[in-house]
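Data block below; observations after.
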Amino acid sequence: MQAVLKPLQGTNWHIWSNNLKTINNTSKLKSIEKRSKLVEEMEFHRLEQLRLWREEMHPFIIKYLVSLECVSDNDSDLGLFVAWMKVILDRRARCLDILNKADAFQQNSMNVDEHDSIRQTESIPIPFRFEHICREIGQIYEALYYCQSSLQDEENRFLDSLPNIGAKLLLNGQPMEIMDGNIANVPLEWVQAILFKLKDIKGNKKNIDIISSRSSKFRKIYFTKYNVWLAIPMFDSEGLRSSNQTGNNPYHHDNKLATFVVGLGDITIVNVKGSNTSDVKDVLQTVVHAFLRLKNVNKGLNYKQSCIFTHQNVSASDASEQMQDERHDLVQLLNGMTLSAAEQENIADIMFF
Numbered sequence: 001m002q003a004v005l006k007p008l009q010g011t012n013w014h015i016w017s018n019n020l021k022t023i024n025n026t027s028k029l030k031s032i033e034k035r036s037k038l039v040e041e042m043e044f045h046r047l048e049q050l051r052l053w054r055e056e057m058h059p060f061i062i063k064y065l066v067s068l069e070c071v072s073d074n075d076s077d078l079g080l081f082v083a084w085m086k087v088i089l090d091r092r093a094r095c096l097d098i099l100n101k102a103d104a105f106q107q108n109s110m111n112v113d114e115h116d117s118i119r120q121t122e123s124i125p126i127p128f129r130f131e132h133i134c135r136e137i138g139q140i141y142e143a144l145y146y147c148q149s150s151l152q153d154e155e156n157r158f159l160d161s162l163p164n165i166g167a168k169l170l171l172n173g174q175p176m177e178i179m180d181g182n183i184a185n186v187p188l189e190w191v192q193a194i195l196f197k198l199k200d201i202k203g204n205k206k207n208i209d210i211i212s213s214r215s216s217k218f219r220k221i222y223f224t225k226y227n228v229w230l231a232i233p234m235f236d237s238e239g240l241r242s243s244n245q246t247g248n249n250p251y252h253h254d255n256k257l258a259t260f261v262v263g264l265g266d267i268t269i270v271n272v273k274g275s276n277t278s279d280v281k282d283v284l285q286t287v288v289h290a291f292l293r294l295k296n297v298n299k300g301l302n303y304k305q306s307c308i309f310t311h312q313n314v315s316a317s318d319a320s321e322q323m324q325d326e327r328h329d330l331v332q333l334l335n336g337m338t339l340s341a342a343e344q345e346n347i348a349d350i351m352f353f
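Going by the UniProt record's numbering, the first residue of the sequence shown is number 1, and it counts up by one from there.
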């Protein structure tokens with residue numbers, strides 16, 4: 001069912017993303033001919049996405065887009081529409097989850113082999129939710145953007161209306177996915193279009209990003225604690241060092257994600273579970289290396305990111321006093337990391353984190 005509702009997130013998007021990574025990886029790109037071939041493949045898959053949009057897009061997605069266009073100019077209507085859409089999709093997802101658990105229980109009661117039971121449980125698809133619709137809208141925009149010369153007259157309006165919808169959803173408090181976590185790629189044109197539209201609406205604002213050792217609702221905590229109800233863009237890494245991560249090298253994934261998130265913001269809030277900061281030390285070391293390499297490539301870059309550490313779920317009332325020595329040790333460690341990284345990158349004017 002999900003393949004029907006979000007066809008643009010299928011094979012074409014995966015191949016396009018892998019080709020883009022290969023083009024930007026000099027160790028894998030051996031010749032100009034190979035690069036030209038990859039670019040041609042990318043153009044083909046974007047045209048395929050455009051064809052899917054025209055011929056195979058589910059009526060639900062089309063009606064959803066038209067409805068969003070109608071309510072996007074009214075904040076109350078937009079908020080109500082999105083809230084009810086989430087309720088309906090979440091209710092459907094819970095029903096599917098109950099059915100899947102019932103099927104698994106029935107299989108276990110019939111003495112099915114344990115290995116087969118685990119395999120069936122792992123094959124249960126992820127429920128279709130609101131964020132999948134937003135991701136599909138992003139791919140629709142990307143396909144239209146890259147195929148502008150092939151667009152029909154009625155399709156051109158989406159190049160302006162879709163980023164406007166995305167910006168209005170952000171201002172309405174809805175999170176926007178920047179990186180597609182399934183394939184670790186960013187739909188750059190879609191994200192850029194939304195941020196430009198957001199700048200047109202609200203002006204040039206500072207950005208805050210959050211690096212957390214576990215997934216958290218830190219944005220709500222921040223708003224509640226400081227009584228901030230303004231349009232502040234916040235980028236949440238949605239948890240690092242999670243025990244639920246799968247794959248051969250989850251730490252490599254975390255390091256890339258931390259570098260990406262820090263590069264987006266003007267202020268980085270590192271949210272640490274409890275008083276233990278060991279989870280984020282190696283991540284920050286990777287981030288320091290990444291920024292120094294960027295600065296070494298482009299001398300005109302002037303990074304002024306600020307870094308703030310917050311400790312969540314600290315029970316002791318005098319934790320601030322107790323952690324003075326640990327905070328001092330952490331600062332010294334980060335300064336040592338920065339100095340060592342600067343020496344490796346032959347940068348002499350950076351001495352402290």
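Heads up, the beta-carbon is just placed ideally off N, CA and C, and yes, glycines get one too.
Three-state secondary structure (DSSP) of residue i
| i | result |
| --- | --- |
| I267 | strand |
| F309 | strand |
| S17 | helix |
| V73 | Strictly speaking, residue 73 in this sequence is Asp, with Val absent from that position. The answer is coil: DSSP assigns D73 none of H, G, I, E or B. |
| Q332 | helix |
| E56 | coil |
| K202 | helix |
| E40 | helix |
| residue 379 | For the chain, the structure presents residues 1 to 353; residue 379 sits outside this window and is missing. |
| N12 | helix |
| S215 | Below a pLDDT of 50, predicted positions are generally treated as unreliable, and S215, at 48, falls in that range; the measurement from the model is reported next regardless. Note: S215 maps to coil in three-state DSSP. |
| S67 | helix |
| K86 | helix |
| residue 354 | Limits of the chain in this structure are 1 at one end and 353 at the other, which puts residue 354 out of reach. |
| K197 | helix |
| S340 | helix |
| residue 361 | In the structure as shown, the chain begins at 1 and stops at 353. Residue 361 is therefore absent and cannot be evaluated. |
| S123 | Confidence at S123 is low in this model, with a pLDDT of 46, below 50, so the placement of that residue should be treated as unreliable; the coordinate-derived value is given next. Of the three classes helix, strand and coil, the one that applies to S123 here is coil, per DSSP. |
| H115 | Residue confidence for H115 is low, a pLDDT of 48 falling below 50, so the modelled location carries little weight; the figure read from the coordinates is stated next. Helix, per DSSP. |
Start-to-end residues for the alpha helix (DSSP H) that takes in residue i
| i | result |
| --- | --- |
| C147 | It is not in any alpha helix (DSSP H) - C147 carries neither H nor E in the DSSP assignment. |
| L348 | First, the residue type needs correcting, since residue 348 is Ala and not Leu in the sequence shown. Counting along the chain, A348 falls outside any alpha helix (DSSP H), and DSSP gives it neither H nor E. |
| F128 | Taken as a continuous stretch (DSSP letters only), F128 belongs to no alpha helix (DSSP H), as it is neither H nor E. |
| G166 | 158-171 |
CA nearest to the CA of residue i, picked from the options
| i | options | result |
| --- | --- | --- |
| Y64 | L47, F44, K86 | K86 |
| T268 | A290, F309, L292, T286 | F309 |
| N12 | N25, L38, V261, K34 | L38 |
| E142 | R129, Q344, N156, E131 | N156 |
| P7 | R135, Q324, L170 | R135 |
| D180 | V270, H132, A167 | H132 |
| K168 | E69, Q285, E55, E40 | E69 |
| K199 | Q49, P163, T26, S36 | P163 |
| Q9 | I32, V71, N335, M57 | M57 |
| S161 | L52, G79, D73, G173 | D73 |
| L334 | T259, L52, L284, D266 | L284 |
Integer Cβ distance of residue i from residue j, believed to fall under 8 angstroms
| i | j | result |
| --- | --- | --- |
| Q139 | P175 | About 18 angstroms separates the two Cβ atoms, so there is no contact after all. |
| L292 | I201 | That pair is no contact at about 35 angstroms. |
| L159 | I194 | The Cβ separation is near 12 angstroms, so there is no contact. |
| E41 | I15 | 7 angstroms |
| L20 | N182 | Their Cβ separation, rounded to whole angstroms, is 15 angstroms, which puts L20 and N182 out of contact at 8 angstroms. |
| L5 | F60 | 7 angstroms |
| K28 | T22 | 5 angstroms |
Bridge-paired residues (DSSP) for residue i
| i | result |
| --- | --- |
| N185 | D180 |
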